[in-house]
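In what follows, a structure is listed as structure tokens, so that the remarks can point back to it.
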Amino acid sequence: MKQAADPASLAHYAVLGNPVAHSRSPRIHALFAEQTGQPITYGRELVGLDDFETAIEAFASQGMAGANITVPFKTRAFELAQTRRALLTRRALRAESVNTIAFDHGQWRADNTDGLGLVADLQVRHGVALRGAAVLILGAGGAAQGVIEPLLAAGVKRLIIANRTAKRAQEVARRFGIEAFAWDELVAAPATQAIINATSGGLEPEGVTMPRGFVESGLGRAVICYDMMYSPKPTAWLEAASGAGCAKCIDGLGMLVEQAAAAFAFWRGVLPATEPVYQQLRKDLAEQAALAPAAR
Ligand SMILES: NC(=O)c1ccc[n+]([C@@H]2O[C@H](COP(=O)([O-])OP(=O)(O)OC[C@H]3O[C@@H](n4cnc5c(N)ncnc54)[C@H](OP(=O)(O)O)[C@@H]3O)[C@@H](O)[C@H]2O)c1
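Here the working numbering is used: the sequence shown runs in plain steps of one and ends on residue 297.
Pasting the structure below:
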């Protein structure tokens, strides 16, 4: 029989975000802990939009071991990590966005594992060839910034970014030396093999705002549509892509599991196997969809 861990020896982690109720990270890290025998707990914390910096400082000072940062705080987490002279990984520095922090005895370490998660999910799990591909990213927030360099490193030849707020896409494009395309003119954007939805519109009741005509003209022309969001039923964005004729529609569950495994390794020095956890999460979502047919 398995011995219960001594509560005093447990290391505590959580995901901080707003919203955060939808997050499957606690379930994933509980499965990783079970698989690897690492003595951790992992919760979720809803943080007020104005409270991120004070909330995470309080979290660290309470003796927590580390945190994941989710929407909309990743770029603020990067700024705070810099202010606090955290040890930042090269990829977090390049992304200017942080999704993983370790509070090692007052010396913070910070990383961004989103890009690694996306590339692993696309290439390894879904067999998508990125080398030489043209890719369009929708959104220019913390998640988009985290995946750009890893996509380029994987061989993406032409990377285009478009964002509802044009200035943000232009700034990000300039920083990474990629192309920005005007949101309202997306209908005229060049065809790309893959379109990645890195907006948080799917978390809002109205969904992702799309320029008129783009669903038919853009989403349908892509070979692959990838939504970083995931939900028990196909996301509204993926349903639109599929309805417009896109043959391969992939949600962000695999990315979530892969980035979580890299975060777990960053904290614990042990890399968990991701496939069994991905399969379990997929099963969880299917069960939830069957229980609540109307739920998203
Ligand atoms: N599967 C995974 O592992 C994974 C990992 C990371 C992120 N994500 C998901 O990716 C999404 C983005 O996260 P983030 O951290 O980048 O958030 P963020 O920093 O807050 O950025 C949000 C982005 O979405 C855009 N946006 C928000 N509402 C929109 C709407 N209704 N229509 C069109 N665009 C909209 C924003 O545009 P403006 O600049 O115009 O406001 C901005 O570009 C979230 O849904 C998050 O859950 C998933």
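Positions of the beta carbon are idealized from the N, C-alpha and C atoms, including for glycine.
Beta-carbon contacts of residue i that lie in its chain and below 8 Å, excluding the five residues immediately before and after
i, result
"Val188", "Pro212, Arg213, Gly214, Phe215, Ser218 and Gly219"
"Ala82", "Leu89, Ala93, Val99, Ile102, Trp109 and Ala111"
"Ser10", "Pro40"
Same chain, Cβ closer than 6 Å to residue i, neighbours up to 5 away in sequence not counted
i, result
"Thr37", "Val271 and Pro273"
"Arg77", "Phe53"
"Met2", "At Met2 the pLDDT is 47, less than 50, meaning the model places this residue with poor confidence and gives no usable figure here."
Cβ neighbour criterion (16 or more within 10 Å) applied to residue i
i, result
"Val125", "exposed"
"Gln260", "buried"
"Thr55", "exposed"
"Ala296", "Low local confidence applies: a pLDDT of 43 at Ala296 is under 50, so the model's placement there is unreliable, with the coordinate-based value given in what follows. The residue in question, Ala296, is exposed, as its Cβ has fewer than 16 Cβ neighbours within 10 Å."
"Leu282", "buried"
"Thr193", "buried"
"Gly244", "exposed"
"Thr101", "buried"
"Asp185", "exposed"
"Ala287", "exposed"
"Arg269", "buried"
"Ser155", "What sits at residue 155 in the sequence shown is Ala, not Ser. By the neighbour-count rule (16 or more Cβ atoms within 10 Å), Ala155 is buried."
"Ala134", "buried"
"Gly253", "buried"
"Thr210", "exposed"
"Gly107", "exposed"
"Pro277", "exposed"
"Ala241", "buried"
Closest residue to residue i among the options (Cα-Cα distance)
i, options, result
"Lys75", "Arg86, Val16 and Gly107", "Val16"
"Ile168", "Ala155, Gly142, Phe79 and Leu160", "Here the sequence assigns Lys to residue 168, which means Ile is not the residue at that position. Of the candidates Ala155, Gly142, Phe79 and Leu160, the one whose C-alpha sits nearest the C-alpha of Lys168 is Gly142."
"Ser98", "Gly128, Ser62, Glu150 and Phe60", "Glu150"
"Met256", "Gly128, Ala242, Tyr279 and Gly107", "Tyr279"
"Asp105", "Thr114, Leu88, Ala293 and Leu119", "Leu88"
"Asp228", "Gly203, Gly244 and Val120", "Gly203"
"Gln289", "Ala111, Ala66 and Pro235", "Pro235"
"Gly18", "Ser62, Arg28, Val72 and Tyr43", "Val72"
"Ser26", "Ala263, His127 and Asp51", "Ala263"
"Pro8", "Lys249, Arg165, Gln39 and Gly178", "Gln39"
"Ala144", "Leu123, Leu119, Cys226 and Gly44", "Leu119"
"Arg165", "Phe182, Ala134 and Leu152", "Phe182"
"Ile251", "Gly140, Asp122, Arg85 and Ile179", "Asp122"
"Arg85", "Ala61, Asn69, Met65 and Arg91", "Ala61"
"Leu139", "Thr200, Lys158 and Gly128", "Thr200"
"Val129", "Met230, Thr114 and Ala223", "Ala223"
"Leu153", "Glu180, Glu172, Ala163 and His127", "Glu180"
Own chain, CB closer than 7 Å to residue i, minus 5 neighbours either side, in chain order
i, result
"Ala34", "Ile41"
"Arg175", "none"
"Ala291", "none"
"Gly299", "The structure shown has nothing for residue 299, since the chain only spans 2 to 297."
Cβ-Cβ separation, residue j to residue i (assumed contact under 8 Å), whole Å
i, j, result
"Ser221", "Cys247", "Reading off the sequence, residue 221 comes out as Gly, not Ser. Contact holds; Cβ gap of about 6 Å."
"Leu131", "Ile196", "In fact, because the Cβ distance is near 14 Å, the residues do not count as touching under 8 Å."
"Val21", "Leu47", "5 Å"
"Ala96", "Gly147", "4 Å"
"His13", "Phe265", "The pair is not a contact, with the Cβ atoms about 14 Å apart (cut-off 8 Å)."
Residues sharing a beta bridge with residue i, DSSP
i, result
"Tyr227", "Ile197 and Ile251"
"Thr101", "Asn69 and Asp112"
"Tyr43", "Tyr14"
"Glu180", "Ile161"
"Ile138", "Ile162 and Ile197"
"Ala123", "In the sequence as presented, Ala is not what sits at residue 123; that position holds Leu. Paired residues: none, contrary to the question."
"Leu88", "Arg110"
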